[in-house]
Structures are given as structure tokens and as C-alpha cells.
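Residue 1119 in this note's numbering is what sits at position 6 of the sequence shown, and the numbering runs on without skipping anything.
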Amino acid sequence: MQQMTVDREELARHYDLAPSLDKAEAMADIHARMARVVTPFDWAMHAPYVAAINRLKAERGAVILAHNYMTPQIYHGIADVVGDSLQLAVEAARTEASVIVQCGVHFMAETSKILSPDKTVLIPDPEAGCSLAESITPEGIAEMRRLYPGAPVVTYVNTSAAVKAASDICCTSSNAAQIVAGLDSDTVIMTPDKYLAQNVARQVPRKRVVWWDGSCMVHEQYTAQDLRAFRDWNPGTRIIAHPECPPDVVAEADFSGSTAGIIDYVARETPQKAMLVTECSMASNISDAHPGVEFVGPCNMCPHMKKITLEKVLWSLHAMQGVVEVDPGIAAGARVAVQRMIDLGRRAAA
């Protein structure tokens, strides 16, 4: 991956980025969406960047897609579309913007380029990787095919374009069970997340699901013992887990779903207390929308997601750096796998 260095002197020549109470007050409506987690002092520090980015993206004809794990300042301050991997992939395929800024990790930016090959796709930090994506290669897919001949390969979107191209269909945590259930095969290969695969296997018991030995560095750290202890200390807390967590953690939870599913669950159930067993920014990003919910408990931070900052977004848009390119041959194969996933979802919704 290419390295990108922010030229702060260049930014200072073009934008007034000094902390500003005036700018903070002028964008009080934006701050209100994150006031529980971003103090007025912090907002005065970030508001000049938010103002500069929003002005510049309009000049560039850009759209900013932000994953649910982005910081509140990005999620609420500059994003045009927020969502999980599936929601962002669908938006990347249909946007009319000439420039896509992907506030997420590298595989998400690749997916946007795959689905919108004629658009300019920027990632503010090309080194924002993913432990899952780095756990599997096309050679690994070939090895699984050798071990289970004839079985279709369902690959999580948290993978490189080359791995997607070597697969039959992609999935996200929100549609994995649906996709596996819909395949005309008794045996299904799932890569690279073993925990997502094991959780899907429990949801679709009529299928034999086999998996690659990969996992997410954020979600693998949670244990069922920790959840039971936390529930004992905090009775009445609703525990909501991401399906990248180990199966015993998911079994201990009151609900399991993708980041979009978690948001929908909190909105629908409005528990008095909720523990989100996922990345830290999830609770931060939705807390102000649910003032009656107390978000409690520990969380794990993704160091890769947190490489995306307001400063890097501004520099990427200003200098048009962090351009994402995907080999056309690889992109064509990957596009088939991703598009199959999107088409299956559309048929199910019809």
C-alpha cells in the first residue's frame, strides 16, 4: 500500500484550521448529534476541519461514505452516507458523484472502485488495513477448493479484490446466512472469518459450512465469561453482539447482528442499558439519537479504522491523494462476486 503524508503547511495556506468557537457555534446543529461524546471544547477544535471538508467536497463533486466504526466527528460531521459494509457497497454502485471518499479501511475503498470503476475513489489513509483481509490470499481460496471440490466459496467483503475475484459470491455480516441458505450446495466454504462462519452454520443447520481460520482482531477479544460477569454486575443490561464474535459470545448475547442490525435493534427496542459488543465508535455514534439508552460496558477499538482522521480526509480531497486503483482483470472477477451478493439481496427484498 502507498504511503501518504499530510502537508500541514499546505493546508494552513488554504484553510483556516485554528480552533474556533464561532465556527463551532455556527455548526451547533451538527454538534448536537454527538454532544454526549464530543465536548464543546473538542468540537471547537474539529469544527474548522468539518467546515473546510464540507466546502471542498462540494467543490470536488464528491460524496463521503463512512463506515459505522468511524469517529463521531466523521460520522456526523462530514459523511453523506453512513452504514455497514453492505450499505456502503450498494451506495458506491449507485452514486452519481464523480469522486468517492471512502472513510473506512482499504478493502472498502477497493469495493467502491470495483463497483464504480469510472469514478475517482480516494482513501484518506491507504495503510488502513484489516486483520481479516490480511488473513487470506487467493492461494488460500484455491487450497479450500482443493479440500472441498465443488463447494461454492462465499467470501466476506472484508477481503482484498484479488480474494473476491477468486470467490463465487461475497457476503457481509448482515446477509451471510441468507446467502449461504440460498446456495444450491450441501457444503459451503466461507472465508476468511471463522467466527462468522460458525455463527452462520448455527443459523443454517441444513448446510455443512466449512471455514478458513481467520478472525477480527476487535471481536475475537470478547469472551462469554466476560459477558456473563458484566451481566451479573449490571443486571438488566441488554447485550448486543456482532457476528464476528466467537459463537459462545453470540449465544450469550440478547441479540446479534451487523452494525446496521445493531442500530436497528437499539432503535426498535430502546433498552434502558445496552452493551454493544463491537468496535467502540458504534455506541458513540448512536448515543445522541437515543438519549433514553445508557450505553455501558467495555469496548474494543479498531486501530485500522482509527487511521482515518478529519485531517487526512481534508488532505486527501485537497491534494486528490490516496487514489485507489484495482487491476482491471481482478476487478472484473471481483465485481461478479460482489454484484451477485447485491443482486441476491434485491431479489429477496422484492
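Think of the CB as a built atom: it goes at the ideal place given N, C-alpha and C, for glycine as much as any other residue.
For residue 1138, the secondary structure class from DSSP, reduced to helix, strand or coil, is helix.
The beta carbon of residue 1360 lies closer than 8 Å to those of 1308, 1311, 1312 and 1315 in the same chain, with the five residues before and after it left out.
The three-state reading of DSSP puts residue 1183 in coil, since its state is none of H, G, I, E or B. Within the stretch 1208-1242, the alpha helix (DSSP H) runs of at least 4 residues that lie entirely inside it are, in chain order, 1219-1228. Here DSSP, grouped into helix, strand and coil, assigns residue 1365 to helix. The stretch 1370-1437 contains, as complete alpha helix (DSSP H) runs of 4+ residues, the segments 1372-1382, 1394-1399 and 1423-1432 (chain order). Between the C-alpha atoms of residue 1265 and residue 1291 there is a straight-line separation of about 14 Å. Distance from residue 1163 to residue 1176 at the Cβ level is roughly 16 Å; contact not present, criterion being Cβ atoms closer than 8 Å. The C-beta separation of residue 1353 from residue 1304 comes to about 26 Å, leaving the pair out of contact by the 8 Å criterion. Under the three-state reduction of DSSP output, residue 1249 falls in the coil class, being neither helix nor strand. Looking at the backbone, the Cα of residue 1333 and that of residue 1138 are separated by about 41 Å. Contact between residue 1151 and residue 1144 holds: CB atoms are separated by about 7 Å, below the 8 Å threshold. Counting only residues of its own chain and dropping the five nearest sequence neighbours on each side, residue 1218 has a CB closer than 7 Å to the CB of 1241, 1242, 1243, 1417 and 1418.
Residue range 1289-1295 is occupied by the alpha helix (DSSP H) that includes residue 1292.
In the structure shown, residue 1270 falls within a coil segment according to DSSP collapsed to helix, strand and coil. Between the C-alpha atoms of residue 1302 and residue 1275 there is a straight-line separation of about 17 Å. Remark: C-beta atoms of residue 1379 and residue 1236 do not approach each other more closely than 8 Å.
Judged by DSSP secondary structure, residue 1194 falls within the beta strand (DSSP E) whose first and last residues are 1194-1196. Taking one beta carbon from each stretch, the stretch 1182-1192 and the stretch 1388-1407 have 3 or more pairs nearer than 8 Å; the two touch. The alpha-carbon of residue 1229 is positioned some 10 Å away from that of residue 1212. The continuous beta strand (DSSP E) containing residue 1324 extends over residues 1321-1324.
Between residue 1174 and residue 1210, the alpha-carbon positions lie close to 6 Å from each other. For residue 1374 against residue 1287, the beta-carbon gap comes to about 6 Å, under 8 Å, which counts as contact.
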